[in-house]
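Peer 1: Numbering of the sequence shown is given in our numbering, commencing with residue 582 and proceeding in unit increments.
My questions will all concern the structure given below.
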Amino acid sequence: MMNRREERIKIEGKALLGATISFPESTEQKVPAALIIAGSGAGDRDGNMPKLPLNLYKMISDGLAEAGFISLRYDKRGVGESEGELNVAGLWDLVDDAESALQFLRNNTNVDQEQVYVLGHSEGTIIATALNERASLAGLILIAGAADTVGEATRYQRELAYEELNNESGIKGWLIKKLKITDKAEKKTQKIFDKMSTSDKDEIRVQLFAKLPAKWFREHFQFDLYGSMEKITCPVLAINGTKDIQTKVENVYKVPELVNGPSEIHEVEGMNHILRYQEGDVSIQKVKSAYQAQASDPLHPYLMQIITNWLESNQVGR
582 MMNRREERIK
592 IEGKALLGAT
602 ISFPESTEQK
612 VPAALIIAGS
622 GAGDRDGNMP
632 KLPLNLYKMI
642 SDGLAEAGFI
652 SLRYDKRGVG
662 ESEGELNVAG
672 LWDLVDDAES
682 ALQFLRNNTN
692 VDQEQVYVLG
702 HSEGTIIATA
712 LNERASLAGL
722 ILIAGAADTV
732 GEATRYQREL
742 AYEELNNESG
752 IKGWLIKKLK
762 ITDKAEKKTQ
772 KIFDKMSTSD
782 KDEIRVQLFA
792 KLPAKWFREH
802 FQFDLYGSME
812 KITCPVLAIN
822 GTKDIQTKVE
832 NVYKVPELVN
842 GPSEIHEVEG
852 MNHILRYQEG
862 DVSIQKVKSA
872 YQAQASDPLH
882 PYLMQIITNW
892 LESNQVGR
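Spelled out as structure tokens, the structure:
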């Protein structure tokens, strides 16, 4: 195990963010750095959620340190040690926070200003794309979500769920078809989306107790992701996994057509959305329990190899 250090810090911006900055074994000279932007949900800086300790961003940070990179990962608003309330934060609030974290990282005396990268996972790929319009970056790493909007991703997930339900056999399958369960579910979902899109509230109540992040959905629905990707001129690495059921693996092939800089894409065999190796197929209705069963697994064996090889080949002056 290499000798390196981590520091828990606070980042002042539009919200006070708790974060961790990780250093490689040697920082005698200025070294390259990467900001890690997490996916959606109430996960902390390490990628852990209640009853789902995945540590995926901690493991990515460890891999970056071994490759000689400083990295910074942070808690989202209302999560961990960060102030604010996640459910009322919109897309642009999250981009503001990512910008504050990026500036903090760039200002670190050990960081090479010309070699600051942004790595986004899942929703983090969207935030990273939007952040690119505000900052000059050495490169973007988009994992498990490149060229996929929240609207498209949630539609794909619903379609998988409906397909599974409609393929049920026996009495259960007959009832699902007879009662048109999937058709009714989609109509209900569209009604909720319409309500969030036309609302001016940060969150709305659905049924009795559930509160949905209306501002977050609304701003995502309005964001022109493809138009933003066309403004990317820095190098891009996009990685999707063949076992990911939260984003379409084929979306990765849109990246070279959209960006206006050099790009490299990978379709990683057997990698799922939590960046682990998965052998068989998993029902989208049972995905949480499948993720829990893999919580202690390492990252997919090819993931960090792809990332570090690309970083090495794209470093300024190499």
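Where a beta carbon is used, it is the ideal one built from N, C-alpha and C, also for glycine.
Within 10 angstroms of the Cβ of R799, are there 16 or more other Cβ atoms? Answer buried if so, exposed if not.
Peer 2: What you label residue 799 is simply residue 218 of the sequence shown in a count that begins at 1. Burial call: buried.
Peer 1: Residue ranges of each beta strand (DSSP E) run of no fewer than 3 residues wholly in the region 824–858, ordered along the chain?
Peer 2: The qualifying runs are 844–849.
Peer 1: Is the beta carbon of I865 sitting closer than 9 Å to the one on H847?
Peer 2: On the sequence shown, residue 865 is found 284 positions in, with the first residue counted as 1. On the sequence shown, residue 847 is found 266 positions in, with the first residue counted as 1. Cβ atoms of I865 and H847: not closer than 9 Å.
Peer 1: Which of the three DSSP states is assigned to L884 in this structure?
Peer 2: On the sequence shown, position 303 is the one that residue 884 refers to. If DSSP states are grouped into helix, strand and coil, L884 belongs with the helices.
Peer 1: Would you tell me roughly how many angstroms separate the C-alpha atoms of E662 and I590, rounded to the nearest one?
Peer 2: To locate residue 662, count along the sequence shown from 1; it is residue 81. To locate residue 590, count along the sequence shown from 1; it is residue 9. If you take the alpha carbons of E662 and I590, they lie about 10 Å apart.
Peer 1: Can you tell me where the beta strand (DSSP E) with M601 in it begins and where it stops?
Peer 2: The residue labelled residue 601 in the question sits at position 20 within the sequence shown. The residue asked about is misnamed: residue 601 is Thr in this sequence, not Met. Segment 598–604, the beta strand (DSSP E) holding T601.
Peer 1: Taking only three categories from DSSP, how would you classify I651?
Peer 2: In the sequence shown, the residue the question calls residue 651 occupies position 70. Here I651 sits in strand by DSSP.
Peer 1: Have a look at S652 and Q694 and give me their C-alpha separation to the nearest angstrom.
Peer 2: The count along the sequence shown starts at 1 and reaches residue 652 at position 71. The count along the sequence shown starts at 1 and reaches residue 694 at position 113. Looking at the two C-alpha atoms, the distance is approximately 13 Å.
Peer 1: Consult DSSP for R586 and reduce its assignment to one of helix, strand or coil.
Peer 2: Numbered from 1 along the sequence shown, position 5 holds the residue referred to as residue 586. If DSSP states are grouped into helix, strand and coil, R586 belongs with the strands.
Peer 1: Can you round the beta-carbon distance between L718 and V697 to whole angstroms, since I take them to be within the 8 Å contact cut?
Peer 2: Reading the sequence shown from its first residue, position 137 is the one you call residue 718. Reading the sequence shown from its first residue, position 116 is the one you call residue 697. Yes, they are in contact, since the Cβ atoms of L718 and V697 sit about 6 Å apart, within 8 Å.
Peer 1: Would you mind reading off the limits of the beta strand (DSSP E) that contains V692?
Peer 2: For this step, residue 692 is matched to residue 111 along the sequence shown. 692–702 is the span of the beta strand (DSSP E), which, as asked, contains V692.
Peer 1: So, using beta-carbon positions, are N841 and I887 closer together than 9 Å?
Peer 2: Within the sequence shown, numbered from 1, the residue matching residue 841 stands at position 260. Within the sequence shown, numbered from 1, the residue matching residue 887 stands at position 306. No, these two residues do not count as a Cβ contact at 9 Å.
Peer 1: Apart from the five residues on each side of it in sequence, which residues of its chain come closer than 8 Å, Cβ to Cβ, to Q873?
Peer 2: Numbered from 1 along the sequence shown, position 292 holds the residue referred to as residue 873. So the qualifying residues of the chain are K632, L633.
Peer 1: Which residue comes first and which comes last in the alpha helix (DSSP H) that contains N747?
Peer 2: Looking up residue 747 in the sequence shown gives position 166. Start and end: 731–747.
Peer 1: Using the three-state DSSP reduction, which class does K792 fall into: helix, strand or coil?
Peer 2: Indexing the sequence shown from 1 puts residue 792 at position 211. Residue state, collapsed to three classes: strand.
Peer 1: Apart from the five residues on each side of it in sequence, which residues of its chain come closer than 6 Å, Cβ to Cβ, to Y858?
Peer 2: By 1-based counting over the sequence shown, the position of residue 858 is 277. Excluding positions up to five away in sequence, the list reads G851, H881.
Peer 1: What separation, rounded to the nearest whole angstrom, lies between the Cα atoms of A615 and S877?
Peer 2: Residue numbering aside, residue 615 sits at position 34 when the sequence shown is read from its first letter. Residue numbering aside, residue 877 sits at position 296 when the sequence shown is read from its first letter. Distance between the alpha carbons of A615 and S877 is about 24 Å.
Peer 1: Taking Cβ to Cβ, would you say L598 is nearer than 9 Å to W797?
Peer 2: By 1-based counting over the sequence shown, the position of residue 598 is 17. By 1-based counting over the sequence shown, the position of residue 797 is 216. Against a cut-off of 9 Å, the Cβ pair of W797 and L598 comes out as no contact.
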